[in-house]
Amino acid sequence: MNIIQEILLVEDSQNDIDLALYALREERLANSIFVVRDGKEALDYLFCRGTFAERSFNHPPKLVLLDLKLPKIDGLQVLRELKNDPRTKTIPVVIMTSSTEERDLVEGYSLGVNSYIQKPVDFEQFRTTVKTLGMYWLVVNRSPVTDQAPTRIGESY
Amino acid sequence: MTVTERERAEGALGKSLPAGEQALKEFADLKFALDQHAIVAVTDIKGTITYVNEKFCAISQYSKDELVGQDHRILNSGHHSKEFFKQMYQTIASGKVWHDEIKNRAKDGSFYWVDATIVPLLDAGGKPRQYMAIRTDVTERKRAEEARERLAAVVESSDDAIISKTLDGTINAWNRGAEQVFGYAAAEVIGEPMVILMPAERVNEESDILTRIRRGESVEHFETVRVRKDGRRIDVSVTISPIRDSSGVIVGASKIARDITERKLKEEQRKQSELQLAGQSQELARRADELAHSRRALETQTVMLQSVLDSMGEGLIAADLEGHFLIWNNAAKKLMGRDAADLPTERWTPHYKVYLPDGITPCPPDRLPLVRALHGESVQMEMMVEHPERANRVCLEVTARPLRDSQGNLGGGVAVLRDITERKAAEQKVQELNQNLEARVIERTAELKAANKELEAFTYSVSHDLRAPLRHISGFTKILVEKFHSSLPAEAQQHLQLIAQGANRMGQLVDELLKLARLGRQALSVEVTELSFLVKDVVTLLAPETVGRQVEWKIDELPSAECDPVLIRQVFQNLISNALKYSRPRSPAVIEIGRTEKEGETVIFVKDNGVGFDMRYMGKLFGVFQRLHLAEEFEGTGIGLATVERIIKKHGGRVWVEAELDRGATFYFTLGSRNNSVPQIAAAVAGAAR
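Chains as they are written, first to last, in my numbering: chain A, 41 to 197; chain B, 62 to 751.
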């Protein structure tokens with residue numbers, strides 16, 4: 041059984057990746073996460089090119105967790121390209137960032153982001169946030185991208 | 062003849078003629094009577110005087126001896142013609158009595174008149190024997206007659222009308238003059254009433270005149286109007302005098318009338334022309350006076366104008382249409398450095414060394430302000446002039462206007478010169494300064510922008526980069542505790558918990574700090590806001606903090622204010638939350654939110670009965686991260702009041718505090734000038750009255 045990477049985590053900080061995975065693992069969502077470390081890699085993955093050329097547009101991630109401060113190409117640019125392309129524009133994107141800058145928030149929403157979340161300093165809050173996100177987008181929400189029924193959490197683990 | 066002589070004559074008669082004594086006596090008596098009355102002479106038939114009586118001698122002044130033997134030619138006055146005497150001789154020679162008046166000459170050459178009757182004494186044959194001449198002295202009468210005749214002649218020959226009338230006004234004399242003056246012949250008017258000469262409206266003059274005449278008065282030179290026969294009215298000057306008879310009784314009046322129509326006319330004309338002349342001469346005198354006056358005024362004005370022109374700080378130049386200078390005052394001399402020169406306009410530029418404002422291009426003659434004014438233009442321009450005594454060119458502001466006479470005809474031009482060299486230099490300096498200033502402003506703005514950018518970048522990176530490590534600390538300590546729970550001693554776990562708490566708190570601080578920083582960059586979004594609503598909202602929000610406490614709220618009705626509701630809500634939140642926090646030891650805690658008036662301003666306050674503080678430390682109160690209490694006593698970041706102050710200052714208001722240790726604190730704030738209008742105050746007063 042192919043492991044379907046249902047969440048694309050775009051995050052340059054290894055610590056944040058570790059914390060996110062720790063939190064998701066508790067919810068048995070860790071295995072469905074694919075992590076890229078910068079904006080370029082994120083775009084390659086999403087547009088099935090470069091090192092991700094064998095990927096298909098038919099299997100888009102169910103959610104993109106996008107940091108804004110990224111090496112090479114920043115998060116808002118990634119969002120812009122994603123939402124500008126008909127093949128990828130329906131993929132839900134949640135910005136998860138330390139920034140509380142109003143302008144980022146405004147621009148993110150204007151570019152079509154589905155949600156904007158500030159990473160809480162407190163780990164308990166962080167955990168709750170990540171858990172809620174995963175549950176919502178992978179289990180509760182129905183996406184137009186695929187016809188697949190929501191993957192049962194148990195199966196993917 | 063004396064009585065003695067008569068007696069002698071009688072005696073002789075009586076003696077020589079005793080017979081016809083009686084007859085002789087009678088004759089002698091007659092002769093005596095005759096001699097007494099008349100001048101008697103007897104001549105023979107040849108005319109030789111044979112007898113003269115005393116009277117004859119007396120009147121002729123000759124003696125008897127001188128007369129007897131002479132004939133009457135001795136007395137001839139030369140008055141009568143030879144014919145007269147011839148006729149006399151023929152009459153008496155024929156034996157007839159001759160009677161007439163004769164003018165004789167006395168011995169001393171004076172004349173006398175006698176009324177003479179010559180009686181021839183006839184002989185028996187009826188022929189004259191001798192002649193007896195009996196004369197009466199009529200000299201007086203004659204003289205009177207002559208005088209009267211002369212008068213009559215005068216009357217007749219007079220051009221004046223001389224009329225006499227009776228006392229009842231009937232005309233009884235009318236001379237030729239009267240005929241001429243009134244046009245009536247004497248025959249036509251004699252016997253007529255005087256009033257026929259009078260115009261109807263003056264008829265009553267006659268009775269007045271007659272009344273006066275009767276009283277013996279005269280009317281002299283009375284000027285009136287009379288009517289001629291032909292109906293023409295004439296102006297007459299009349300003198301009327303009473304006429305008396307020889308006994309002095311007034312019997313009539315004489316009237317001398319002179320036609321003065323012409324004189325009147327002439328007089329009128331003369332008067333008229335005199336008047337005219339007088340008027341003309343008066344007018345002439347007046348004009349002469351005026352002329353003299355205006356000449357004096359002109360002189361005064363000229364002198365005044367000259368002194369005005371000379372005392373003017375501005376140069377004044379005037380020229381006629383040919384370009385001849387009429388005025389070139391002292392200031393013009395000083396500014397141009399040259400006096401007026403009689404040159405054609407084309408040569409003005411090189412002579413006076415006039416340049417355009419660039420100071421290089423000689424001013425084209427047709428652009429010279431005065432030349433343009435001479436063509437009817439009004440101009441104001443700046444010019445540079447090379448002054449012979451000044452190092453730098455003089456900058457002049459020239460205003461030129463055409464000169465026109467009262468009919469609007471162009472007659473010349475006038476130019477006013479102002480030295481603006483200094484002003485220009487000052488302007489230049491100002492301009493340079495402005496440019497400098499602008500450059501500096503641009504520089505500063507750029508610096509500020511850079512600083513702002515830096516600050517933004519800083520806050521951006523703070524929000525990103527400072528929070529991330531805190532998150533990591535918090536996260537990994539949590540994982541550490543969770544994962545290695547069993548192998549970690551309780552103390553280690555406690556330390557790890559403190560690490561996590563520290564990180565969390567640091568996260569809070571960073572967040573607050575970022576909020577404060579953002580506040581500085583945020584523009585106010587002002588709207589009319591019900592402050593009471595904000596307060597209620599905040600109190601509701603803070604309700605959870607009052608759980609388990611006794612809190613007494615005293616909330617006044619607050620006015621509406623123009624402010625940013627989001628920010629002022631923050632102010633209330635911070636202040637009320639502070640009040641709640643620091644009154645925690647009190648039961649009940651009393652928190653009062655109200656307003657008061659101070660110097661026309663509405664002041665909002667939040668008062669608590671909490672722990673208060675020492676006013677000595679007030680300076681620290683509004684500083685960032687400044688706290689007057691231990692975190693163990695009262696939690697807090699030390700940013701709340703700093704935020705309050707920043708928001709109030711942004712509104713242009715003030716915030717201050719009154720407190721006392723252990724006696725609570727009162728925070729006051731105002732919301733700036735936009736909330737100081739009278740209605741606000743009125744509302745505040747009304748509110749206070751409640």
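Each residue gets a CB set at the ideal place from its N, CA and C atoms; glycine is no exception. Just so it is clear, the structure is predicted and the values come from calculations on it, not from any experiment.
Check the Cβ of LEU59 (chain A) against every Cβ in chain B and list those closer than 8 Å, keeping chain order.
Here residue 59 (chain A) refers to the residue found at position 19 of the first sequence. Per Cβ cutoff of 8 Å: ARG532, HIS533, GLY536, PHE537 and ILE540.
Interface partners of ASN565 (chain B) on chain A, CB under 8 Å
In the second sequence, residue 565 (chain B) corresponds to position 504, counting from 1. Those are VAL161 and ASP162, listed as they occur along chain A.
Assigned exposure category for TYR150 (chain B) - 16 Cβ within 10 Å defines buried
Taking the second sequence and counting its residues from 1, the one referred to as residue 150 (chain B) is at position 89. With fewer than 16 other Cβ atoms within 10 Å, it is exposed.
For GLY568 (chain B) and chain A, any beta-carbon pair shorter than 8 Å?
Taking the second sequence and counting its residues from 1, the one referred to as residue 568 (chain B) is at position 507. Contact of GLY568 (chain B) with chain A is assigned, a C-beta pair being separated by under 8 Å.
Looking at C-alpha atoms only, which residue of B:ASP403, B:VAL129 and B:VAL113 is the closest neighbour of LYS92 (chain B)?
Reading the second sequence from its first residue, position 31 is the one you call residue 92 (chain B). Among B:ASP403, B:VAL129 and B:VAL113, the Cα nearest to that of LYS92 (chain B) is on B:VAL113.
Are GLU613 (chain B) and SER593 (chain B) closer than 8 Å when you measure CB to CB?
Translated into positions along the second sequence, residue 613 (chain B) becomes position 552. Translated into positions along the second sequence, residue 593 (chain B) becomes position 532. For GLU613 (chain B) and SER593 (chain B), no; Cβs fall outside 8 Å.
Please name the residue in B:GLY536, B:ARG190, B:LYS659 and B:SER138 whose C-alpha comes closest to that of GLY568 (chain B).
Locating residue 568 (chain B) in the second sequence gives position 507, where the first residue counts as 1. Of the listed residues, the one whose Cα sits closest to GLY568 (chain B) is B:GLY536.
Can you give, in chain order, each stretch of the beta strand (DSSP E) that sits fully within the segment 613 to 691 of chain B and has at least 3 residues?
Correct list: 621 to 624, 650 to 659 and 662 to 669.
Leaving aside the five residues before and after VAL632 (chain B) along the sequence, list all residues of the same chain whose C-beta is less than 6 Å from its C-beta, in chain order.
Here residue 632 (chain B) corresponds to residue number 571 of the second sequence, with the count starting at 1. If the five residues before and after VAL632 (chain B) are omitted, its C-beta is found closer than 6 Å to the C-beta atoms of VAL705 and ILE708, all from its own chain and listed in chain order.
Quick check: the Cα distance between ALA380 (chain B) and GLN441 (chain B), rounded to an integer number of angstroms?
Here the question's residue 380 (chain B) lines up with position 319 in the second sequence. Here the question's residue 441 (chain B) lines up with position 380 in the second sequence. Distance between the alpha carbons of ALA380 (chain B) and GLN441 (chain B) is about 17 Å.
Which residues in chain B have a C-beta closer than 8 Å to the C-beta of TYR156 (chain A)? List them in chain order.
Counting from one through the first sequence, the residue named residue 156 (chain A) turns up at place 116. Against chain B, a Cβ distance below 8 Å from TYR156 (chain A) picks out nothing, because the smallest value is about 14 Å.
Those residues which DSSP pairs with TRP389 (chain B) across a bridge:
Residue mapping note: residue 389 (chain B) aligns to position 328 of the second sequence, counting from 1. In the DSSP output, where bridge partners are listed per residue, TRP389 (chain B) has B:ILE378.
Are ARG287 (chain B) and ILE274 (chain B) closer than 8 Å when you measure CB to CB?
In the second sequence, residue 287 (chain B) corresponds to position 226, counting from 1. In the second sequence, residue 274 (chain B) corresponds to position 213, counting from 1. Against a cut-off of 8 Å, the Cβ pair of ILE274 (chain B) and ARG287 (chain B) comes out as no contact.
Between which residues of its own chain and GLY733 (chain B) is the CB-CB distance below 7 Å, once the five residues before and five after are set aside?
Working through the second sequence from its first residue, we reach residue 733 (chain B) at position 672. Non-local C-beta neighbours of GLY733 (chain B) in its own chain, meaning closer than 7 Å and more than five positions away in sequence, comprise HIS712, GLY713 and GLY714, ordered along the chain.
If contacts are defined as beta-carbon pairs under 8 Å, then MET445 (chain B) and GLY472 (chain B) qualify, I think. What distance do you get, rounded to the angstrom?
For the purposes of this step, residue 445 (chain B) is taken as residue 384 along the second sequence, with counting starting at 1. For the purposes of this step, residue 472 (chain B) is taken as residue 411 along the second sequence, with counting starting at 1. Contact flag wrong, Cβ pair sits at about 29 Å.
May I ask you to list, following chain order, the residues of the segment 114 to 127 of chain A that have a beta carbon less than 8 Å from some beta carbon of chain B?
Per Cβ criterion, the list is empty.
Taking Cβ to Cβ, would you say GLU828 (chain B) is nearer than 8 Å to PRO626 (chain B)?
With chain B covering 62 to 751 only, the question about residue 828 (chain B) has no answer from this structure.
Could you list which residues in chain B have their beta carbon closer than 7 Å to that of TYR176 (chain A), in chain order?
By 1-based counting over the first sequence, the position of residue 176 (chain A) is 136. Near TYR176 (chain A) there are no residues of chain B at all, since even the closest Cβ is about 21 Å away, more than 7 Å.
Is the beta carbon of GLU115 (chain B) closer than 8 Å to that of ASP90 (chain B)?
Position 29 of the second sequence holds residue 90 (chain B). Position 54 of the second sequence holds residue 115 (chain B). Contact: no.
C-alpha distance - ILE388 (chain B) paired with LEU336 (chain B), whole-angstrom precision
Looking up residue 388 (chain B) in the second sequence gives position 327. Looking up residue 336 (chain B) in the second sequence gives position 275. Going by the C-alpha atoms only, they are around 48 Å apart.
Check the Cβ of GLU51 (chain A) against every Cβ in chain B and list those closer than 9 Å, keeping chain order.
As a position in the first sequence, residue 51 (chain A) is number 11, starting the count at 1. The contacting residues do not exist; GLU51 (chain A) stays about 11 Å from chain B at best.
Going by Cα to Cα distance, which pick from B:GLY673, B:ALA487 and B:ILE224 is closest to ASN236 (chain B)?
On the second sequence, residue 236 (chain B) is found 175 positions in, with the first residue counted as 1. It is B:ILE224.
Hey, does SER96 (chain A) have any beta-carbon neighbour from chain D nearer than 8 Å?
The chain inventory of the structure shown lacks chain D, comprising the protein chains A and B.
Alpha-carbon spacing of ASN137 (chain B) relative to ASN165 (chain B), whole angstroms:
In the second sequence, the residue the question calls residue 137 (chain B) occupies position 76. In the second sequence, the residue the question calls residue 165 (chain B) occupies position 104. The alpha-carbon atoms of ASN137 (chain B) and ASN165 (chain B) are separated by roughly 5 Å.
Suppose you measure from the CA of PRO160 (chain A) to the CA of ALA553 (chain B); what does that come to, to the nearest Å?
The residue labelled residue 160 (chain A) in the question sits at position 120 within the first sequence. The residue labelled residue 553 (chain B) in the question sits at position 492 within the second sequence. Going from the Cα of PRO160 (chain A) to the Cα of ALA553 (chain B) covers about 24 Å.
Please tell me whether ALA349 (chain B) and GLY376 (chain B) are closer than 8 Å, where the distance is taken between their beta carbons.
For the purposes of this step, residue 349 (chain B) is taken as residue 288 along the second sequence, with counting starting at 1. For the purposes of this step, residue 376 (chain B) is taken as residue 315 along the second sequence, with counting starting at 1. With contacts defined as CB atoms closer than 8 Å, ALA349 (chain B) and GLY376 (chain B) fail to qualify as a contacting pair.
From ARG610 (chain B) to SER138 (chain A), what does the alpha carbon distance come to, in whole angstroms?
Walking along the second sequence from the start, residue 610 (chain B) turns up at place 549. Walking along the first sequence from the start, residue 138 (chain A) turns up at place 98. Taking the CA atoms as reference points, ARG610 (chain B) sits about 37 Å from SER138 (chain A).
Which residues, taken in chain order from the segment 131 to 149 of chain A, show a beta carbon closer than 7 Å to some beta carbon of chain B?
Taking a C-beta cut-off of 7 Å against chain B, the contacting residues of the segment 131 to 149 of chain A are SER138, SER139, THR140 and GLU141, listed in chain order.
Please report the Cβ distance between SER644 (chain B) and ASP675 (chain B), rounded to the nearest whole angstrom; I am assuming they are in contact, meaning their Cβ atoms lie under 8 Å.
Indexing the second sequence from 1 puts residue 644 (chain B) at position 583. Indexing the second sequence from 1 puts residue 675 (chain B) at position 614. Between SER644 (chain B) and ASP675 (chain B), the beta carbon gap of about 17 Å keeps them out of contact (Cβ cut-off 8 Å).
Quick check: the segment 162 to 176 of chain A against the segment 63 to 75 of chain A, are there 3 or more CB pairs under 8 Å?
At 8 Å Cβ cutoff, the stretches touch.
Give the list of continuous alpha helix (DSSP H) stretches no shorter than 4 residues that lie fully inside the segment 49 to 91 of chain A.
Within the segment 49 to 91 of chain A, the runs of alpha helix (DSSP H) at least 4 residues long that lie entirely inside it are, in chain order, 54 to 66 and 79 to 86.
What residue ranges within the segment 408 to 467 of chain B form continuous alpha helix (DSSP H) runs of no fewer than 4 residues, ordered along the chain?
Positions of the alpha helix (DSSP H) runs, each at least 4 residues long and wholly inside the segment 408 to 467 of chain B, are given as 409 to 413 and 430 to 435 in order along the chain.
Does any C-beta atom of chain B lie closer than 8 Å to the C-beta of ASP78 (chain A)?
For this step, residue 78 (chain A) is matched to residue 38 along the first sequence. Interface criterion not met: the Cβ of ASP78 (chain A) is under 8 Å from no Cβ in chain B.
Who are the neighbours of TYR521 (chain B) on chain A, taking C-beta pairs under 8 Å?
Indexing the second sequence from 1 puts residue 521 (chain B) at position 460. Residues of chain A passing the Cβ test: SER139 and GLU141.
Buried/exposed call for TYR678 (chain B), threshold 16 Cβ in 10 Å
As a working note, residue 678 (chain B) is residue 617 in the second sequence. Flag for TYR678 (chain B) reads exposed.
Please decide whether GLN188 (chain A) counts as near chain B, where near means a Cβ-Cβ distance under 8 Å.
As a working mapping, residue 188 (chain A) is identified with position 148 in the first sequence. Residue placement at GLN188 (chain A) is flagged as unreliable, the pLDDT there being 46, under the threshold of 50; a coordinate-derived value is accordingly withheld.
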